[in-house]
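A.B. asks: Mind looking over this structure? Questions follow.
Protein chains: 4
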Amino acid sequence: MGVRTAEEYLSGLRDGRTVFFRGARVDDVTTHPELRVGAEHTAIDFRLAEDPRFRELFTATLPDTHERISRYFLPPRGMQDLLIRREMIETSTREGGGVVLLVKEIGTDALFTLTLVTRRVDEQYGTDYLDRVTRYHAYCQAHDLSLAVAQTDVKGDRSLLPSRQANPDSYVRIVERRPDGIVVRGAKAHTTGTAFTDEVIVLPTRALSEADRDYAVAFAVPVNTKGLTLIASPFGFTGSSAFHHPVSSRHHLVETLTVFDDVFVPNDRVFLAGEWDCAGTLANTFVEFHRYTAISYKPPLCDLLIGAAALIAEYNGVAGASHVREKLTRLIAYTETVRSLTRAAALDCTIVDGIAVPNTMATNIAKQYFAMHYHEAVRDVQDIAGGLVVTGPSEGDWHNPATRGYIERYLGGKQGVSTEDRLRAINLIRDLTASDFGGYHEILAIHAEGSLEAQKITIYRGYDLDRCRALAKQAAGIGG
Amino acid sequence: MGVRTAEEYLSGLRDGRTVFFRGARVDDVTTHPELRVGAEHTAIDFRLAEDPRFRELFTATLPDTHERISRYFLPPRGMQDLLIRREMIETSTREGGGVVLLVKEIGTDALFTLTLVTRRVDEQYGTDYLDRVTRYHAYCQAHDLSLAVAQTDVKGDRSLLPSRQANPDSYVRIVERRPDGIVVRGAKAHTTGTAFTDEVIVLPTRALSEADRDYAVAFAVPVNTKGLTLIASPFGFTGSSAFHHPVSSRHHLVETLTVFDDVFVPNDRVFLAGEWDCAGTLANTFVEFHRYTAISYKPPLCDLLIGAAALIAEYNGVAGASHVREKLTRLIAYTETVRSLTRAAALDCTIVDGIAVPNTMATNIAKQYFAMHYHEAVRDVQDIAGGLVVTGPSEGDWHNPATRGYIERYLGGKQGVSTEDRLRAINLIRDLTASDFGGYHEILAIHAEGSLEAQKITIYRGYDLDRCRALAKQAAGIGG
Amino acid sequence: MGVRTAEEYLSGLRDGRTVFFRGARVDDVTTHPELRVGAEHTAIDFRLAEDPRFRELFTATLPDTHERISRYFLPPRGMQDLLIRREMIETSTREGGGVVLLVKEIGTDALFTLTLVTRRVDEQYGTDYLDRVTRYHAYCQAHDLSLAVAQTDVKGDRSLLPSRQANPDSYVRIVERRPDGIVVRGAKAHTTGTAFTDEVIVLPTRALSEADRDYAVAFAVPVNTKGLTLIASPFGFTGSSAFHHPVSSRHHLVETLTVFDDVFVPNDRVFLAGEWDCAGTLANTFVEFHRYTAISYKPPLCDLLIGAAALIAEYNGVAGASHVREKLTRLIAYTETVRSLTRAAALDCTIVDGIAVPNTMATNIAKQYFAMHYHEAVRDVQDIAGGLVVTGPSEGDWHNPATRGYIERYLGGKQGVSTEDRLRAINLIRDLTASDFGGYHEILAIHAEGSLEAQKITIYRGYDLDRCRALAKQAAGIGG
Amino acid sequence: MGVRTAEEYLSGLRDGRTVFFRGARVDDVTTHPELRVGAEHTAIDFRLAEDPRFRELFTATLPDTHERISRYFLPPRGMQDLLIRREMIETSTREGGGVVLLVKEIGTDALFTLTLVTRRVDEQYGTDYLDRVTRYHAYCQAHDLSLAVAQTDVKGDRSLLPSRQANPDSYVRIVERRPDGIVVRGAKAHTTGTAFTDEVIVLPTRALSEADRDYAVAFAVPVNTKGLTLIASPFGFTGSSAFHHPVSSRHHLVETLTVFDDVFVPNDRVFLAGEWDCAGTLANTFVEFHRYTAISYKPPLCDLLIGAAALIAEYNGVAGASHVREKLTRLIAYTETVRSLTRAAALDCTIVDGIAVPNTMATNIAKQYFAMHYHEAVRDVQDIAGGLVVTGPSEGDWHNPATRGYIERYLGGKQGVSTEDRLRAINLIRDLTASDFGGYHEILAIHAEGSLEAQKITIYRGYDLDRCRALAKQAAGIGG
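Structure, rendered in structure tokens:
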């Protein structure tokens, strides 16, 4: 099979899955008036693989079987593969209006992670998890499946370990072990795309103590598995007008609260089940792969912001103003810093068991830099755009003959630019920065793929302070 | 009459005014399902004047007539009056959910400005504008009228003076002079609250050349004046659910594109008509009064953000984390810097013809500081809040028995905090920072009351660089 | 006596005090080739009091005795007094080349503090400290004495209380109690100006536990007291060339390690001796007075930096460049923010027992803001100045006929500016920012009057978070 | 010959060159009490080439002649060579106490540039410059010569082109053309290392107009050439005490004002002479190579700062404080951002005529990022270090028995750390950040290798805004 069409993919989502949205059970996510936007957005992945312009980038032919598969499934073997992977993510995000698709990116981040980590678990515990992972990987690849990853537990009291929580289900856990599999209970928050993927992979979210043994659990299930309920979040859906919401009316991520209500997982889908001292490694290794994905999908959104700012500056007749150039320069440097650091993370990757792991330090400083300064980038774009972003007329006024003339006459920009184009440019900036959708992007910048504090800890721990202190001692003439 | 009730005020808005919203003419702004929120918000001004807790602050008794009037109409005579004015604005904004009312604040800024500047115009030109302004002021005060101010022209090509524009109506201008008045044409952008005020005062937006004589025009008209059309902006209206939109479902500003289609203004309402070399002074003096209003209404919103961040930190059990304290400290210092600078602007006011003008330098650095760092404040609040701000469930899911249990079970915070309270705190943060309404606040921070660049210019020009250069020369031993 | 002349003051410093500098005992600090710069700098205080231009500002006439005294000794009774005090400090610092004199400022900060706090101690413990303080204050005032304050202990291991230190003398302590006084031992770090003052007042540095009883000690002694040794720091002395070091060759602070080697303090000079639970209040109250002094003396240095930057921009012919204006605007806003916040701290003072205490919040945000951004201000000045600041010729080359011609010919700026003036302007910037003296200023910005972290804690604790949380709850619809 | 010893190199500097320093002619730069520090610092380059630990990195064997040469002379052929070059510069700077050697780095930057650009000039003008450059390159390589590059003209009025200056010698120019060569006059500012190199290469500093033909000149001469005078700058020389100045007493750059007083340059040393339209390309191409050198030598200094900060935090017993970790994390991210971007600049190099040119965008954002935030890094280091950096005792006091005991007793840190080690760590921080030498580093950060504004322009111009605008148009639904 290898590569599915977008229609095959969409048809696969009509599988009886349990999805709730705005208080109602959703029969078919691909036809629901709002959720379908998310499904169509995700389907871009499959369309790109069919598109002659992008087919070479997004698919690969297996040397032995000559089967054509989605390139996402190929583990990166070195710098070049990581650079191509970055290019795939940048390209598909650009085609997705600056919104990452996350239909295979995150899932394969998890598959590579599981391949690396279960080998160590097997060595330590004599388990056969790697075999299961390998077979599962082959299955997903062969059927061109889309994959969500559920990692972040709902957590309850953040200062307590899972086993100490008042609610024992604050972290997903094994509630029963059977000969043929395990039964799991709990919920994961912030799972992106679950409503639109075939499968969901579940990983632990943190290091555990021995008492947390039952929380050391990793597995994968089809989304329509019995007991699995998705409560999809409505935030970021701002409306369906292509005039007011040129991007968000077409491109969208949807997160779910992903509830496992005593879900049975057969053994061949279980990848960790009690090996508590491996949970931290599994969680952290995944994060490192996934932050590389993160920093790969940030620059296309930034390019869109830069373009929108440059466009409205031109339309307003202020493209040559020194402060506008200063702000555009700041936006460019911001974007290129992230992009270049991502490439550096590929260059300085580590090869572990034949899989290229992006450089942790470069990945984390890129992610932290992006997150720390995203709001300032938004400010600069809004600053260039002007107040009309939130004081302008609605689409209805534009079409109403009683007001159209006034708007035409009074809201034009510099000569040669139509009022409609100017309004469209302004609407784009509102949609991207000053709306429910813009708010979604702000939160995403800070919280997706780990918080600012998580990245700071990684940066601090990853640097060789002993080396630096030794340099300082030598320079200061301090012996010993 | 002196002080009207809120109901009297609202009833006054049903006067046949021409308001368009979302493509339709609005019959009655006080009953329109969306716009009524704006009217009710503005009405808070009148309710506070009736409220025993606030009556002393918001009203004053005239010594001669013993009439009780809204205190806004009293020109500030010194520091103390400016501090009280600041307190009125801070208090009413706090009662308005962090949203300024702007029902008399900006209008009286304009009245004080006109009083100061028309005296100069009269001296130079032998006109009688000051008399007209004085009578108009008395009229507004006596009838407790609400006032909008329309200043910013739509501008067309920003690099050209009004008289050089391809569209001669890019700035509001006098198209006819009659014995009994003038006829004006053009449009003003970003006029706040026009749909909910009795009157609108029009001021020029910039310094002019002699050729721009017809653009040097200031006047006031009732909002239901013939030829006056308001096109109200829908942005920031996010929805009516008090659960999802705890603040924006109740508090709201509405801006209009304010179109003057050959509006006749009788002479006693005309305050400038051709005195081109006074237009710049009028524009700038108003801005200085109005920026003081601006920096007075910013801290209550910030306090709400601080409170929301502190609350969710507590609910999530991380109130004691050092990074949370660091971020809260940053938010506090940000807020208090603006508040203290505002008080310093009162302390260092200048008394001109008996009217206290807030200190320009302190006012502008406060405004610029607020605007420059607002997005970072938003980032810190969102950072503390967590990703659930945009991945949580909808109100419908909360009320649906099929999902309520899951949400109760899995989205609680630390012990002793109800899941509902936690969701409400998260919804508050979304409403304030990550929504259409949040986007509105971001744009407002940067663009309302003048752009960042305008403030920078004022700061640069307002400082005595000669004095500093002399200090440097003396220190450097440079003679002359 | 009331007001001494500068010569009387200097003569008073020749009192046999024990001062070490660069490894040698100093006989007379007023004639020592380097230290005399510090003494002459401090003497400016006395010269200003004699100067007809400044006499009114710096002195006051006592109503009862008609004695003229230094105004520093008068406790501030309200806002106006605090504003005058600010003006005195700003003025004298400006006359001191941007370097605060600190000859009575800090000492009277301590006297006001002791007046406030010993009243509470006396009430609690039945002691008579307030009487002693009052008499000591009168004595200093009558003899126009200069005063240093030694507060910061050397501290040893910062994580341990005084009584837990391996070295029991890590904090100054009482080692013996006699009927007629106490004997103290220990050392204070960073004491400014001790070598040039008549008296030194010693205060505790932190809150203490009951076990630290002996460390709860405050007192005053003449600097030439037996057992008192000053080890003066040489850092910041860069050289005596007025060409290379136009400011630092004339203006200078000197800090000492102030060692108390079993110093006897008679009872009437002892202001706290064991009342451990009052030590924290004493330490913190002093800090609040003293941070107000701090933020009062910062703007004159900033004005000098602004002037130097504006001057060299003019000399280089780039005064009109947009980036230069942007940077100057940043410097101005920086300076005026501190100055305005200082005035706001006076406006919002608290009157305690008739003494006006500057507003803690405004004082601390001003201090923290200044400290946090001083290095960026330095960067902007250096950026405007150009690389010649550290690549230019020496004074010797300028005077050497073999090179003078080349320098004249090649290092001139725009027409009409002499090469010598340009070099002097560059030298000023080097002296202020890129030299030992510049480094001294950088450290001073961060560490003098308490560290950044100390200010952050004060800001965090000083804000009413409960009020903010209540606002948020109300806005969010959270009951209770 | 291939590789010289350090002694051969130093001996070569005794060649009668004309150097002035502090007003006197210097006979021998290698024995002068101050300048010798600079010569010894530069000599490290030759010592590393002899050192078994570094020999492989710093030298290469020519495949044809088997001659061993300094690797600097090999033009980079691709990413790998650029990464090695970065490693050479980082390593030698680290061995040089955080101070770049700049003995061959900048010279070979110029040689690679000349190779690339003269090929174009020759094609356009039929000249034979490339041959001359090739022979000169071979000569320098064969004799292992050290090279300075003089580029920045003294400029006079910065708003005028060279030919419009009041002083026609404000830019170096050809004053006579002879059959056998040219005669040049003028001066270059900020030339690093000239006093310690065998040769100096001269390049134009900016784009020129046709009228500036005589200013379009590039050439190379031995430093002892007749008519060449160096006026060496004394700034940054702080003193010879290894205790007070652990780094600057041993490592040092020296800049000169480099005066060409009718210097004759024979034809084979002339690389541009009148081809005015190529001057800009030559200037800019050099800058791109040289900014890569710049960003390669910044991280070792930063590592030293990080190490010093971590060390003093440990000695003071505050290494575990959350704010200390926050600041160290900031310093690490700062350093690694520069380092990673440098590696990305190598990865994304462009191969032109077989020479790898580092990526312009990555190079410039790295340089600008470094320069923009260096002062904040200094602040964080000083913040961690504490006030003792400028209030501590001198070396003399440490050795004086009368004070040594007090210092030992009172200035120790946490247990187990000797007072001397603590003082040494503090002295290191003062030397690096709060001294003449520290000031030198601050200015260097901003101005060396081009100003912040120059980098901003390059960043702005280098980005494809058309592509971004097209993205925005497509997203906004704007046709055309």
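Residue numbers (my numbering), protein chains in the order written: chain B, 583 to 1062; chain E, 583 to 1062; chain W, 583 to 1062; chain Z, 583 to 1062.
Positions of the beta carbon are idealized from the N, C-alpha and C atoms, including for glycine.
1. Anyone know if the C-beta pair for Tyr707 (chain W) and Glu857 (chain W) falls short of 8 Å?
2. For Lys949 (chain W), would you say it is in contact with chain E, using Cβ-to-Cβ distances shorter than 8 Å as the test?
3. Using CA atoms only, rank isn't needed, just tell me which of W:Glu590, W:Ala800, W:Glu758, W:Val972 is closest to Asp1013 (chain W).
4. Who are the near neighbours of Thr700 (chain E) in its chain, counting only those whose CB is closer than 7 Å to its CB and skipping five residues on each side?
5. Quick one: is Ser904 (chain Z) near chain E, going by C-beta distance under 8 Å?
6. Can we say the segment 944 to 952 of chain B touches the segment 1035 to 1045 of chain B, given the rule of at least three CB pairs closer than 8 Å?
7. Listing by chain order, which chain E residues have their CB less than 9 Å from the CB of His827 (chain B)?
8. May I ask you to list the residues that DSSP assigns as paired with Gly763 (chain W)?
9. Any beta carbon of chain B sitting closer than 8 Å to that of Tyr1042 (chain Z)?
10. Closest to Thr1065 (chain E) by CA distance: which of E:Glu837, E:Thr690, E:Arg832 is it?
11. Does DSSP put Lys909 (chain B) in a helix, in a strand, or in coil?
12. Where does Glu918 (chain Z) sit, in a helix, a strand or coil, going by DSSP?
13. Closer than 8 Å, CB to CB, is Gly889 (chain B) near chain Z or not?
14. Determine the direct distance from the alpha carbon of Gln964 (chain B) to that of Thr945 (chain E), and round the result to whole angstroms.
15. I'd like the list of long-range same chain contacts for Ser791 (chain Z), defined as Cβ closer than 8 Å, with 5 residues on each side in sequence excluded.
16. When Cβ atoms are compared, which residues of the segment 790 to 808 of chain W fall closer than 9 Å to chain Z?
17. Looking at Val829 (chain B): is its Cβ nearer than 8 Å to the Cβ of Val766 (chain B)?
18. Quick check on Ile1039 (chain B): does DSSP put it in helix, strand or coil?
19. Please list the partners that Met943 (chain W) has in chain E, where partner means a Cβ-to-Cβ separation under 7 Å.
20. How many Å lie between Arg667 (chain Z) and Met661 (chain B) at the Cα?
21. Is the distance from the Cβ of Ala771 (chain E) to the Cβ of Leu839 (chain E) below 8 Å?
22. Over the uninterrupted beta strand (DSSP E) stretch that includes Ile652 (chain Z), give me the two end residues.
23. Checking contacts by CB at 8 Å: is His834 (chain Z) closer than that to chain C?
24. So for Thr875 (chain E), helix, strand or coil by DSSP?
25. Give the C-beta separation of Val685 (chain E) and Gly775 (chain E) to the nearest angstrom, bearing in mind that I take them to be a contact with Cβ-Cβ under 8 Å.
26. For chain Z, is any of its Cβ atoms less than 8 Å away from the one on Asn866 (chain B)?
27. Does Ser691 (chain B) come within less than 8 Å of chain E when only Cβ atoms are used?
28. Could you tell me which chain B residues have their CB closer than 7 Å to the CB of Cys1050 (chain Z), listed as they occur along the chain?
29. Determine the direct distance from the alpha carbon of Ala959 (chain W) to that of Ile1011 (chain Z), and round the result to whole angstroms.
30. What are the start and end residues of each continuous beta strand (DSSP E) run of 3 or more residues lying completely inside the segment 693 to 745 of chain B, in chain order?
31. Helix or strand or just coil, what does DSSP make of His827 (chain E)?
C.D. replies: According to the structure data:
1. yes
2. Judged by the 8 Å Cβ criterion, Lys949 (chain W) is not in contact with chain E.
3. It is W:Val972 whose Cα lies nearest to the Cα of Asp1013 (chain W).
4. Around Thr700 (chain E): Tyr711, Leu712, Val715, Phe853.
5. yes
6. yes
7. Those do not exist, as His827 (chain B) stays about 10 Å from chain E at its closest Cβ, beyond 9 Å.
8. W:Arg760, W:Pro848
9. yes
10. For chain E, the structure presents residues 583 to 1062; residue 1065 (chain E) sits outside this window and is missing.
11. helix
12. helix
13. yes
14. 22 Å
15. Leu743, Ser745, Trp858
16. Within the segment 790 to 808 of chain W, no residue qualifies.
17. no
18. helix
19. Glu918
20. 20 Å
21. yes
22. Reading the sequence as shown, one finds Ser at residue 652 (chain Z) and not Ile. Looking at the DSSP string, the run of the beta strand (DSSP E) that includes Ser652 (chain Z) is 650 to 652.
23. Within the model displayed, chain C is absent; protein chains B, E, W and Z are what it includes.
24. Of the three classes helix, strand and coil, the one that applies to Thr875 (chain E) here is helix, per DSSP.
25. 6 Å
26. no
27. Note that residue 691 (chain B) is Asp in the sequence shown here, rather than Ser. By this cut-off, Asp691 (chain B) is not an interface position.
28. Asp885, Ile888, Gly889, Ala892
29. 21 Å
30. 729 to 732
31. coil
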